[in-house]
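K.L.:
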Amino acid sequence: MDTIDTIRYARTAFGPQAEPLAHRGFVGRMVIVLRSVARQIDRMLERRRGRLALLEMTDEQLKDIGISRCDAHREGIRSFWE
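At position 26 of the sequence shown the residue is numbered 166 (the working numbering), and the sequence of numbers has no breaks.
#1: From residue 166 to residue 191, what does the alpha carbon distance come to, in whole angstroms?
#2: Looking at C-alpha atoms only, which residue of 177, 185, 178 is the closest neighbour of residue 222?
#3: What's the gap between the Cα of residue 194 and the Cα of residue 171?
#4: Look at the Cβ atom of residue 209, then the Cβ atom of residue 199, and state whether they are nearer than 8 Å.
#5: Quick one: grab the DSSP three-state call for residue 168.
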(Lines of atoms letter the chains of each structure in order from A and count residues from 1; the text may use other names and numbers.)
(Lines give C-alpha, C1' and ligand atoms only; values in the text may rest on other atoms or scores of the structure.)
Protein backbone atom coordinates (compact mmCIF):
# COMPACT_ATOMS: atom_id res chain seq x y z
CA MET A 1 0.00 0.00 0.00
CA ASP A 2 1.19 3.48 -0.83
CA THR A 3 -0.74 5.16 1.98
CA ILE A 4 1.79 4.28 4.66
CA ASP A 5 4.44 6.29 2.84
CA THR A 6 2.24 9.40 2.82
CA ILE A 7 1.77 9.71 6.58
CA ARG A 8 3.40 12.84 7.90
CA TYR A 9 3.98 13.73 11.52
CA ALA A 10 3.61 17.34 12.60
CA ARG A 11 6.45 18.89 14.54
CA THR A 12 5.52 20.10 18.00
CA ALA A 13 7.43 23.36 17.94
CA PHE A 14 9.10 25.87 15.66
CA GLY A 15 7.50 24.63 12.44
CA PRO A 16 8.28 21.77 10.10
CA GLN A 17 12.02 22.50 9.94
CA ALA A 18 12.41 22.01 13.70
CA GLU A 19 15.02 19.53 14.77
CA PRO A 20 14.13 16.64 17.09
CA LEU A 21 13.70 17.41 20.77
CA ALA A 22 16.80 15.43 21.75
CA HIS A 23 18.97 17.74 19.62
CA ARG A 24 17.64 20.99 21.07
CA GLY A 25 19.51 22.99 23.62
CA PHE A 26 18.30 23.70 27.10
CA VAL A 27 16.56 26.92 26.08
CA GLY A 28 14.71 25.22 23.22
CA ARG A 29 13.43 22.49 25.53
CA MET A 30 12.38 25.07 28.13
CA VAL A 31 10.43 27.00 25.49
CA ILE A 32 8.53 23.83 24.57
CA VAL A 33 7.76 23.08 28.22
CA LEU A 34 6.62 26.64 28.94
CA ARG A 35 4.36 26.69 25.89
CA SER A 36 2.83 23.41 26.97
CA VAL A 37 2.22 24.72 30.49
CA ALA A 38 0.71 27.93 29.09
CA ARG A 39 -1.68 25.93 26.87
CA GLN A 40 -2.74 23.80 29.83
CA ILE A 41 -3.41 26.85 31.99
CA ASP A 42 -5.37 28.44 29.15
CA ARG A 43 -7.55 25.32 28.85
CA MET A 44 -8.20 25.29 32.61
CA LEU A 45 -9.15 28.98 32.67
CA GLU A 46 -11.46 28.54 29.67
CA ARG A 47 -13.14 25.63 31.45
CA ARG A 48 -13.61 27.82 34.54
CA ARG A 49 -15.11 30.66 32.49
CA GLY A 50 -17.61 28.22 30.99
CA ARG A 51 -18.59 26.93 34.41
CA LEU A 52 -19.07 30.44 35.75
CA ALA A 53 -21.25 31.23 32.73
CA LEU A 54 -23.47 28.27 33.66
CA LEU A 55 -23.99 29.76 37.12
CA GLU A 56 -25.08 33.08 35.61
CA MET A 57 -27.66 31.59 33.22
CA THR A 58 -31.37 31.92 33.84
CA ASP A 59 -33.62 28.90 34.24
CA GLU A 60 -34.96 29.45 30.71
CA GLN A 61 -31.46 29.49 29.23
CA LEU A 62 -30.53 26.32 31.10
CA LYS A 63 -33.73 24.65 29.89
CA ASP A 64 -32.81 25.58 26.30
CA ILE A 65 -29.52 23.68 26.58
CA GLY A 66 -31.05 20.81 28.55
CA ILE A 67 -29.41 21.36 31.92
CA SER A 68 -31.19 21.66 35.24
CA ARG A 69 -30.31 24.35 37.80
CA CYS A 70 -28.94 21.61 40.08
CA ASP A 71 -26.67 20.25 37.33
CA ALA A 72 -25.46 23.75 36.48
CA HIS A 73 -24.68 24.46 40.12
CA ARG A 74 -22.88 21.14 40.55
CA GLU A 75 -20.75 21.85 37.47
CA GLY A 76 -20.21 25.51 38.35
CA ILE A 77 -18.69 24.84 41.78
CA ARG A 78 -16.12 22.34 40.50
CA SER A 79 -12.48 23.34 40.65
CA PHE A 80 -10.92 24.69 37.45
CA TRP A 81 -8.42 21.81 37.26
CA GLU A 82 -11.12 19.12 37.25
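Each residue gets a CB set at the ideal place from its N, CA and C atoms; glycine is no exception.
P.N.:
Quick look at the numbers:
#1: As a first step, residue 166 must be located in the sequence shown, where it is residue number 26. As a first step, residue 191 must be located in the sequence shown, where it is residue number 51. Rounded to whole angstroms, the separation of the alpha carbons of residue 191 and residue 166 is 38 Å.
#2: Taking the first residue of the sequence shown as 1, we reach residue 222 at position 82. The shortest C-alpha separation from residue 222 is found at 185.
#3: Start at 1 with the first residue of the sequence shown, and residue 194 comes out as number 54. Start at 1 with the first residue of the sequence shown, and residue 171 comes out as number 31. Rounded to whole angstroms, residue 194 to residue 171 spans 35 Å at the Cα level.
#4: By 1-based counting over the sequence shown, the position of residue 209 is 69. By 1-based counting over the sequence shown, the position of residue 199 is 59. With contacts defined by Cβ atoms closer than 8 Å, residue 209 and residue 199 form a contacting pair.
#5: On the sequence shown, position 28 is the one that residue 168 refers to. Residue 168: helix per DSSP, three-state reduction.
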